[in-house]
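Participant: With the sequence shown counted from 1, adding 18 to any position gets you this note's numbering. For every residue, glycine included, the Cβ atom is placed at its ideal position computed from N, Cα and C. Please read through the structure below; I'll follow up with questions.
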Amino acid sequence: MSLTIFKHPGDPAANLNAAMACLRRGDLAAADGYLAHAGNSADAICGRAAAAVIAGDLDRAERLYEEAADRGSVVAAADLERLRSDRRRQAVTIIQDVVESK
Numbered sequence: 019m020s021l022t023i024f025k026h027p028g029d030p031a032a033n034l035n036a037a038m039a040c041l042r043r044g045d046l047a048a049a050d051g052y053l054a055h056a057g058n059s060a061d062a063i064c065g066r067a068a069a070a071v072i073a074g075d076l077d078r079a080e081r082l083y084e085e086a087a088d089r090g091s092v093v094a095a096a097d098l099e100r101l102r103s104d105r106r107r108q109a110v111t112i113i114q115d116v117v118e119s120k
C-alpha cells in the first residue's frame with residue numbers, strides 16, 4: 019500500500035487507493051474503513067460496489083454500480099452489465115434445476 023494514505027489521511031483519492039489495495043488483499047473490513055473516507059466520486063461509489071460484491075450484497079452492489087454509471091463511470095456501467103448478466107444466468111440455472119427435479 020502506498021504511503022500516501024499515511025501522509026494525507028483525509029484525501030479521498032488516497033483513501034480510495036488504500037481501499038482498493040485492501041480489497042485486492044481480501045481485507046474487506048479495512049477497505050470499508052477507507053471507503054467511508056473516499057468521497058462520493060463515481061470511482062469511490064464503484065469501489066463501494068466492488069466491496070458489496072465481495073461481501074455478497076449483490077442488491078447493494080447493483081444500486082451502487084447504477085449510481086456510478088449514472089455519474090458517467092464506464093467501468094461501473096460494464097460491471098453493472100456483468101453483474102446483471104451473472105444474476106440472469108444464475109436465475110436460469112436455478113429454474114432449470116427446479117424443472118429437472120420434478
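Of the residues Ala79, Arg42, Gly51, which one's Cα is nearest the Cα of Ile23?
Facilitator: When each option's Cα is compared against that of Ile23, the closest is Gly51.
Participant: Count the other CB atoms, across all protein chains shown, that sit within 10 Å of the CB of Val71; report buried if there are 16 or more and exposed otherwise.
Facilitator: Looking at its Cβ environment, which holds 16 or more other Cβ atoms inside 10 Å, Val71 is buried.
Participant: Assuming Ala69 and Leu46 are in contact, meaning their beta carbons sit under 8 angstroms apart, how far apart are those beta carbons, in whole angstroms?
Facilitator: That belief holds up - the Cβ atoms of Ala69 and Leu46 are roughly 6 angstroms apart, short of 8 angstroms.
Participant: Report all residues from its chain with a CB closer than 6 angstroms to the CB of Glu85; omit the five preceding and five following residues, and keep chain order.
Facilitator: Counting only Cβ-Cβ distances below 6 angstroms, and skipping sequence neighbours, we find Ile63.
Participant: In its own chain, which residues sit with a C-beta less than 6 angstroms from the C-beta of His55, not counting the 5 before and 5 after it?
Facilitator: The residues are Asn33.
Participant: Do Arg80 and Leu98 have their C-beta atoms within less than 8 angstroms of each other?
Facilitator: Reading off the sequence, residue 80 comes out as Glu, not Arg. Yes, Cβ-Cβ distance for Glu80 and Leu98 is below 8 angstroms.
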